[in-house]
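Take a look at the structure set out below.
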Amino acid sequence: MTNKLDELYEKYNVLADAKDNIAKHSALYLECIALIRGKNGSEKEKKLAGQIISKFFKNFPEHQEQALQALFDLCEDDDITVRISGIQVLPLICKNSKECIPKVVNILTQLLLLRDQDNHVTNTSLQQIFREEPLITLKVAFGYISSTDNVEGREKCIQFVYKKLVKIEDKITPEVNDLLLEEGKTILQDSTATEFLTVVPFLSTSKLTKTTAGQQELINAITERAELNKEFDPQDTDNLHCDRIILCTEHALPLFNANVESTNFVKFYCDQILNKWDEIGKLKDGTILQYQFLKQLAELTIHCGKLDTPSAYVVQIFDKMKRYMPLPPEDGDIDKMPNLDFTSVECFLFAFHRLARQCPDFLTSDPAVLKDFRSRLNYFSRGVGGCKRSLEKIEIKDKENEKIKIAPAVLDNINSLIKDLFYTSPIYKCNVQLSFKTLATKVKTPEKATATQKRHVPIHFDSSNGSTNKQIRSNKGNDNVKLYQPPSGKFSNNFQSYDRQGGRGRGRGRGGPRGSRGSSRGWR
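See the structure below:
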């Protein structure tokens, strides 16, 4: 082995000293290539041969294809140190021979599937090439994204582009930014959850959202991925319909405003989700899912446009809301209150209050309906009063007890909304800020926000009127109720309905063009 290493060093010295006459020594250069391609060299020999090939790559243009193939072989070697050495020299090749950038970037994007140190070195090499030629690098990466049938490979490449390359701000020229936007919109049309979560945050903070037309364009893309035109099926385990709707709505909500209305989402929530309310409740974590849907419905109604038949949607909210607002007991004992779900009622009342202003005669058209509803409101209001008195006696020691922190805002909101509905002719004038939004604006955390941040648990209080030993508790007495989280992490890794390709991702498919990915990319 020592003799072979010595021979390689001698070859290097000859090539380095040849200067203008280096072309005469192409045989030595080919011997270095042959050592790697023959797969019979030692670790040190292959690493040294790779360094020689990259060092003098530009001097032998007639052998560039063979040299590249040899370096690509190093990138797939079984020895991690050899793989790393091969990946590390590729940026030098691109710097001196820019015509090789497409081939090199294409290989490196596929190597993003490698793990640990391999992946780190691949990231670094791609970033170095991007700094030299950002536009070419991105075009090649997007070409791989659009053609590969390797789901994990596509996701890794999208994450690399939209989480790492976009942070190299001095290279994001207007032309590069336009390419990122257009390709991002294309990716969104046929995306997995991981891809959706990667691309939408970039688009949401881009120049696309600086105009009403751009905001609407992004909303339209999110709406399409939410599949609002399809019947909602909470039992659909293949497409995880509940999670799809929650994920898409979560990212659409910040984009709605007076000019970009949420009407289509509101219609879907009223017609489809509330209509399948009982089915949702029977799912695993069904109560948490229901509360997440309720919070989103309440927020969606803020920017809902004019509805053609508002009463058809209001009645859906009204009927479900009454389930959470019981009638007084027949025995007349109003001092004993059932377990009340205040946070859900806040959302129901808020949504009802926002939409019912479009059909102000909804409650007054039938005196019996109004009488029944006011009886429920009055009884529920007593529960609110009892809980407010109990809260005044509670010393909040646990800083993480969000249920108690937001309780006063929840109860105040309910009271304000109920007051409007108690007018002889109910009015819809008061404006309240949803309690969970109030908490979000007050709490400033130094930690980076992620898609897996905790969601607020619905608040249920034991509402015995005026009780001095009142206990504040969650549903079913479980203070550790599992919080719903938007799709990410483990969920994102299982978003596809077909199997991912396994292995380390070392098969790079140099032999020809890849097939089409098809048009049936699921959300599993």
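Take 1141 as the starting number for the sequence shown in our numbering and just add one per residue. All C-beta atoms, glycine included, are put in the ideal place defined by N, C-alpha and C. On a predicted model such as this, the values are computed, not experimentally measured, just so you know.
| Check | Outcome |
| --- | --- |
| Contact defined as beta carbons within less than 8 Å: I believe L1328 pairs with S1346. What is the distance between those atoms, to the nearest angstrom? | Actually they do not touch by this definition, with Cβ atoms about 12 Å apart. |
| Starting from L1480, trace the beta strand (DSSP E) in both directions and tell me its first and last residue. | 1479-1481 |
| When you compare each of L1343, E1390, P1548 to D1318 by their alpha carbons, which one comes out closest? | L1343 |
| If you follow the alpha helix (DSSP H) that I1413 is in, where does it begin and where does it stop? | First-last for I1413: undefined, no H or E at that position. |
| Closest to Q1191 by CA distance: which of E1202, D1218, L1155 is it? | L1155 |
| Out of N1397, E1315, E1367, which one is the CA nearest neighbour of K1354? | First, the residue type needs correcting, since residue 1354 is Gly and not Lys in the sequence shown. Among N1397, E1315, E1367, the Cα nearest to that of G1354 is on N1397. |
| Within its chain, find whatever has a CB closer than 6 Å to the CB of N1153; leave out the 5 residues flanking it on each side and keep chain order. | none |
| Using the Cα positions of C1240 and E1335, report the straight-line distance between them to the nearest angstrom. | 29 Å |
| Given 8 Å as the limit, is there contact between the stretch 1385-1399 and the stretch 1362-1374, that is, 3 or more CB pairs closer than that? | yes |
| Return the chain-ordered list of same chain residues with a C-beta closer than 7 Å to the C-beta of F1502, the five sequence neighbours on each side being excluded. | S1451, V1454, A1496 |
| Report the rounded CA-to-CA distance for P1548 versus S1530, giving the unit in angstroms. | 11 Å |
| Should F1562 go down as buried or exposed, given a rule of 16 or more other Cβ atoms within 10 Å for buried? | exposed |
| Considering only the alpha carbon of each residue, which of L1188, N1161, D1160 lies closest to I1173? | L1188 |
| Taking the alpha-carbon of L1467 as reference, which of E1439, I1457, L1510 has the nearest alpha-carbon? | L1510 |
| Which residues in the same chain as K1559 place their Cβ atom closer than 8 Å to its Cβ, once the five residues preceding and following it in sequence are excluded? | C1570 |
| Alpha carbon to alpha carbon, how far is L1275 from L1254? Give it in angstroms, no decimals. | 24 Å |
| Could you tell me how far apart the beta carbons of V1229 and S1194 are, in whole angstroms, since I believe they sit closer than 8 Å? | 4 Å |
| How do the stretch 1208-1226 and the stretch 1178-1187 stand: do at least 3 beta-carbon pairs fall below 8 Å, yes or no? | yes |
| I'd like the list of long-range same chain contacts for G1421, defined as Cβ closer than 7 Å, with 5 residues on each side in sequence excluded. | T1427, Q1430 |
| Exposed or buried, what is P1586 when buried is set at 16 or more other beta-carbons lying within 10 Å of its beta-carbon? | The predicted model places P1586 with a pLDDT of 41, which falls under 50 and marks its position as unreliable; any figure quoted below should be read in that light. P1586 is exposed by the Cβ-count criterion. |
| Is it true that the stretch 1197-1205 meets the stretch 1246-1265, where meeting means three or more beta-carbon pairs spaced less than 8 Å apart? | no |
| Straight-line CA distance for S1286 to F1408? | 31 Å |
| When you compare each of L1393, E1315, I1312 to T1349 by their alpha carbons, which one comes out closest? | L1393 |
| A1210 to E1323, Cα distance in whole Å? | 32 Å |
| Between K1594 and Q1432, what straight-line distance do the alpha-carbon atoms span, to the nearest angstrom? | Because the pLDDT of K1594 is 40, which lies under 50, any placement of that residue in the model is unreliable, and the number read from its coordinates should be weighed accordingly. Approximately 12 Å, taken between the alpha carbons. |
| What are the uninterrupted segments assigned as alpha helix (DSSP H) that are 4 or more residues long and contained completely in the stretch 1318-1389, given in chain order? | 1333-1344, 1352-1366 |
| Pull up the distance between the alpha-carbon of D1376 and that of F1270, whole angstroms please. | 42 Å |
| Is any heavy atom in the ligand MN found nearer than 6 Å to the beta carbon of P1500? | Judged by which ligands are present, the structure shown has none, so any question about the ligand MN falls away. |
| Helix, strand or coil: how does DSSP classify F1553 here? | Per the sequence shown, the amino acid found at residue 1553 is Asn instead of Phe. In the structure shown, N1553 sits in a helix (DSSP, three-state: H, G or I). |
| Would Y1149 and F1200 qualify as a contact pair, given that the criterion is a beta-carbon distance under 7 Å? | no |
| Mapping the DSSP letters down to three states, classify T1403 as helix, strand or coil. | helix |
| For the alpha helix (DSSP H) that contains K1303, what are its first and last residues? | 1291-1303 |
| At which residues does the alpha helix (DSSP H) containing R1497 begin and terminate? | Where R1497 is concerned, there is no enclosing alpha helix (DSSP H), given that its DSSP letter is neither H nor E. |
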